[in-house]
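Okay, so the first sequence: first residue is 476 according to this note's numbering, each after it adds one. Step one of this worksheet: look at the structure below.
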Amino acid sequence: MGRAPCCAKVGLHRGPWTPREDTLLTNYIQTHGEGNWRSLPKNAGLLRCGKSCRLRWMNYLRPDIKRGNITPDEDDLIIRLHALLGNRWSLIAGRLPGRTDNEIKNYWNTHLSKRLRRQGTDPNTHKKLSELDQQVLQQSHIKKRRNNNKNNKKKKSNNQGPTEIDSAQEKPKIHLPKPTRVTANYFSIPRNESFAMSSSSHGEEAVNVPNWGENPNGVSFLGGDELINTSLEKLYEEYMELLKIDGHDHDHDQVQSHNSFAESLLIL
DNA sequence: AATGTATTCAACCGCAGTCAA
DNA sequence: ATTGACTGCGGTTGAATACAT
Numbered sequence: 476m477g478r479a480p481c482c483a484k485v486g487l488h489r490g491p492w493t494p495r496e497d498t499l500l501t502n503y504i505q506t507h508g509e510g511n512w513r514s515l516p517k518n519a520g521l522l523r524c525g526k527s528c529r530l531r532w533m534n535y536l537r538p539d540i541k542r543g544n545i546t547p548d549e550d551d552l553i554i555r556l557h558a559l560l561g562n563r564w565s566l567i568a569g570r571l572p573g574r575t576d577n578e579i580k581n582y583w584n585t586h587l588s589k590r591l592r593r594q595g596t597d598p599n600t601h602k603k604l605s606e607l608d609q610q611v612l613q614q615s616h617i618k619k620r621r622n623n624n625k626n627n628k629k630k631k632s633n634n635q636g637p638t639e640i641d642s643a644q645e646k647p648k649i650h651l652p653k654p655t656r657v658t659a660n661y662f663s664i665p666r667n668e669s670f671a672m673s674s675s676s677h678g679e680e681a682v683n684v685p686n687w688g689e690n691p692n693g694v695s696f697l698g699g700d701e702l703i704n705t706s707l708e709k710l711y712e713e714y715m716e717l718l719k720i721d722g723h724d725h726d727h728d729q730v731q732s733h734n735s736f737a738e739s740l741l742i743l
């Protein structure tokens with residue numbers, strides 16, 4: 476249908492948020508709650524589009540956000556969840572209390588995917604790369620970054636918009652299937668709250684579906700690192716159990732069994 | 001010290017799902 | 001059944017910063 480971009484309105488602020496804007500947004504949400512993003516900026520006295528407000532709140536201002544220092548446990552969990560779920564960042568973030576989808580996406584792109592590549596694993600498929608594949612990936616990665624920076628310089632000096640030709644030329648992408656949208660109808664817990672995995676999980680089904688509804692009182696899972704680590708450990712155990720039950724050779728069928736589990740998470 | 005290159009991450013963009021009219 | 005507003009998501013950009021030469 477093609478709607479006009481929500482930020483196209485003349486006179487709206489863009490770019491980095493100022494402390495004053497942050498305060499206005501925080502104060503407004505603290506008194507009126509989240510939602511109604513469209514009308515929020517006007518009501519809060521902000522010259523921002525609703526989308527921008529939502530993003531700022533979700534990724535930066537929310538009080539339950541844990542910033543920086545992603546622990547090795549979280550590292551490992553992100554990698555495992557990515558193998559299961561692919562680039563479904565919001566789903567992954569939902570399993571990491573206090574982390575945002577944007578943060579995890581950035582962390583993946585800047586740290587984890589590189590690490591996997593260095594270890595000879597394709598970050599997209601989580602399969603072992605051949606030596607040739609590794610070389611190709613390294614080359615395209617380096618080339619892409621170089622080109623990107625060249626473009627940045629060019630844009631700075633010319634003060635021109637993005638050069639579509641440039642960006643289109645140097646992007647040999649590996650496309651994953653478009654992530655399935657997961658709505659609140661499926662999972663009725665707030666984002667960034669961990670879920671309680673059932674401990675008696677091995678019934679007739681090979682996979683287990685988390686108890687999404689088991690947080691009726693809005694019980695916080697952010698009570699401390701101990702609590703978080705406990706839930707992470709539970710997750711690890713659960714995944715390992717699932718892999719055992721599948722009875723597959725992990726090296727060869729890991730991705731496939733992960734995918735089937737991922738599907739079970741998405742299609743209820 | 002100056003310049004070039006690489007990295008990080010907040011913010012933006014556009015698409016797609018949902019839902020009310 | 002259709003339409004359009006709203007919302008949420010993943011992909012991408014680009015300014016700021018760090019590091020290398």
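In this text, a Cβ means the ideal position worked out from N, Cα and C, and glycines have one as well. What you are looking at is a predicted structure, and each value in this text was computed from that prediction instead of being measured.
Close beta carbons around A519, own chain, < 7 angstroms, minus the five adjacent residues each side
L499, L500, Y503
Using a Cβ-Cβ cutoff of less than 7 angstroms, which residues in the same chain neighbour L536 once the five nearest sequence positions on both sides are dropped?
D497, L500, T501.
Cβ distance (whole Å) where N545 is taken to contact W564 below 8 angstroms:
The residue you asked about is not Asn; residue 545 is Ile in the sequence shown. In fact, because the Cβ distance is near 14 angstroms, the residues do not count as touching under 8 angstroms.
Please name the residue, chosen from R529, R489, P494, that lies closest to G508 on a Cα-to-Cα basis.
R529
What would DSSP say about H677, mapped onto helix, strand or coil?
With a pLDDT of only 32 at H677, under 50, the local geometry of the prediction cannot be trusted, and no value is derived from it.
Does the separation of the CB atoms of N534 and N562 fall below 8 angstroms?
The Cβ atoms of N534 and N562 lie no closer than 8 angstroms to each other.
For K526 and K517, I'd like the C-alpha separation in whole angstroms.
13 angstroms
Cutoff 8 angstroms; reference S514; Cβ partners in own chain excluding five residues on either side
Cβ within range, chain order: G525.
How many angstroms separate the CA atom of G490 from the CA atom of R531?
Looking at the two C-alpha atoms, the distance is approximately 11 angstroms.
Determine the closest residue to R523 out of G569, L487, P598, Q594, with distance taken between C-alpha atoms.
L487
With 16 other Cβ atoms within 10 Å as the buried cut-off, status of S695
Caution applies to S695, whose pLDDT of 33 falls short of 50 and renders its modelled position unreliable; the value that the coordinates give is listed next. So S695 counts as exposed.
Can you tell me which residues form a DSSP beta bridge with T596?
Under the DSSP definition of a beta bridge, T596 partners with K603.
Going by Cα to Cα distance, which pick from D548, R570, P572 is closest to L587?
Proximity to L587 across D548, R570, P572 peaks at D548, based on C-alpha coordinates.
Taking Y582 as part of the alpha helix (DSSP H), name the residues at either end of that continuous run.
Here the alpha helix (DSSP H) through Y582 covers 576-582.
With a threshold of 6 angstroms on Cβ separation, who are the neighbours of W492 within its own chain once the five nearest residues in sequence on each side are excluded?
R531
Which listed residue (L566, L556, W512, P572) has its alpha carbon closest to that of N599:
L556
Which residues in the same chain as I567 place their Cβ atom closer than 8 angstroms to its Cβ, once the five residues preceding and following it in sequence are excluded?
I553, L556, H557, L560, D576, I579
Can you give me the start and stop residues for the alpha helix (DSSP H) that Y503 sits inside?
494-507
With distance defined between alpha-carbon atoms, name the residue in K589, D551, T585, R590 nearest to L571.
D551
DSSP on K628, reduced to helix/strand/coil?
In this prediction, K628 scores a pLDDT of 45, lower than 50, which makes its location untrustworthy; the coordinate-derived value is nonetheless stated afterwards. Three-state DSSP puts K628 in a helix.
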